[in-house]
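Count the sequence shown with the numbering used here and you get residues 66 to 341, in order.
Note that beta-carbon positions come from the ideal geometry of N, C-alpha and C, so glycine has one too.
Note that the coordinates shown come from a computational prediction; the quantities given were computed from them, not determined experimentally.
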Amino acid sequence: MLKIEHLKKVYPKSDRVAVDDISIELRPGEIFGFLGQNGAGKSTTIKCLTGILPYDEGTIEVCGYDLAKEPIKAKMNMGYVPDNHSVYEKLTGREYVNYVADLYRVSKKDRTERLERFLDLFKLRFAVDRQIKSYSHGMKQKICIIAALIHEPKLWVLDEPMMGLDPQSTAEIIAYMREHCAKGNTVFFSSHNLDLVKRLCHRVAIINEGHLIDCFDLAGHEENKASLEERFFKITGTYERRLFEDYVAQEKEEFRPDLDKQEDSDPGDAEQISEE
């Protein structure tokens with residue numbers, strides 16, 4: 066479905082190596098999580114594999130099509146939801162989805178049927194004929210998702226899709242990620258949310274300072290789910306800090322009962338002590 070081999074991206078103005086020798090292969094029918102801190106290289110990797118950024122070395126294949134040699138065919142099999150809402154806000158939601166459907170040559174019949182379903186699924190029917198500039202953050206995210214799915218891509222790529230969303234919107238997106246995967250398609254998404262990744266993903270990769278450090282199964286491997294936080298914090302260099310924070314939190318919890326006892330004591334006791 067997606068095959069990345071020895072991907073390297075250097076930003077020429079700073080000579081900073083943002084992504085260095087990354088290789089990942091995604092399977093049909095899986096949800097794949099991409100973890101890393103801010104600046105680790107997650108978004109750069111995603112922008113390279115979606116064709117937004119050129120890359121310096123390596124190959125990217127989507128459904129067997131080389132992104133560098135056959136970019137149109139590769140992109141026709143891909144849907145992308147960016148971490149910011151890159152939409153034409155003067156358009157209505159319907160106009161924007163139709164614009165994207167035109168780019169992907171989706172028939173009028175298919176786009177109408179799919180849009181109707183998505184509007185009900187994501188509860189956006191009430192706003193589809195309003196200008197996008199009037200939308201809330203969550204509504205903009207939903208219209209971006211609908212546009213990314215209107216051509217039924219085999220590979221669905223999302224960059225931090227749950228950021229800033231309310232629980233209901235998050236649940237709706239998670240449900241469709243699972244449904245999309247159940248059809249034999251692949252979902253690739255970046256996230257900071259370790260609990261979400263543990264609950265949702267079949268596999269996960271951890272990137273740090275542009276290098277792919279670890280990649281392992283989660284589905285059916287409870288020991289890997291249990292150790293995900295430890296692996297992540299060790300790789301990102303925050304393990305010792307997390308241990309310290311946990312220690313401080315534990316100390317506070319152990320100290321709290323004494324405070325509670327003092328609060329529950331008879332005020333007369335304090336008065337008696339002061340009189341003595």
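Q.
Which residue marks the beginning of the alpha helix (DSSP H) containing Ser-234, and which one marks its end?
A. 232-247
Q. His-19: buried (16+ other C-beta within 10 angstroms of its C-beta) or exposed?
A. The structure shown does not extend to residue 19, since the chain is modelled only from 66 to 341, so the question has no answer here.
Q.
Contact defined as beta carbons within less than 8 Å: I believe Ser-255 pairs with Ile-111. What is the distance between those atoms, to the nearest angstrom?
A. 6 Å
Q: Report the partner residues of Gly-74 according to the DSSP bridge assignment.
A: Per the sequence shown, residue 74 should be read as Lys rather than Gly. Lys-74 pairs with Val-84.
Q. Can you tell me where the beta strand (DSSP E) with Gly-144 in it begins and where it stops?
A. 143-146
(Q) Going by beta-carbon coordinates alone, are Ile-215 and Ala-291 separated by less than 8 Å? (A) no
**Q.** Backbone CA spacing between Phe-297 and Lys-68 [nearest angstrom]
**A.** 23 Å
Q. Run through DSSP, which three-state label would Ser-255 get?
A. strand
Q. Could you check where the alpha helix (DSSP H) with Gly-203 kicks off and where it finishes?
A. 202-214
Q. Using the C-alpha atoms, what's the distance from Gly-101 back to Asp-85?
A. 14 Å
Q | Candidates Leu-186, Glu-294, Cys-266: closest to Glu-95 by CA position | A | Cys-266
Q | For Tyr-366, three-class secondary structure by DSSP | A | The shown model of the chain, from 66 to 341, leaves out residue 366, and the question about it has no answer.
Q | Sheet register partners of Glu-122 (DSSP bridge) | A | Lys-73
Q: Spatial neighbours of Lys-263 within its chain, please: CB distance less than 6 Å, with the 5 preceding and 5 following residues excluded, ordered by chain position.
A: Lys-290, Leu-293
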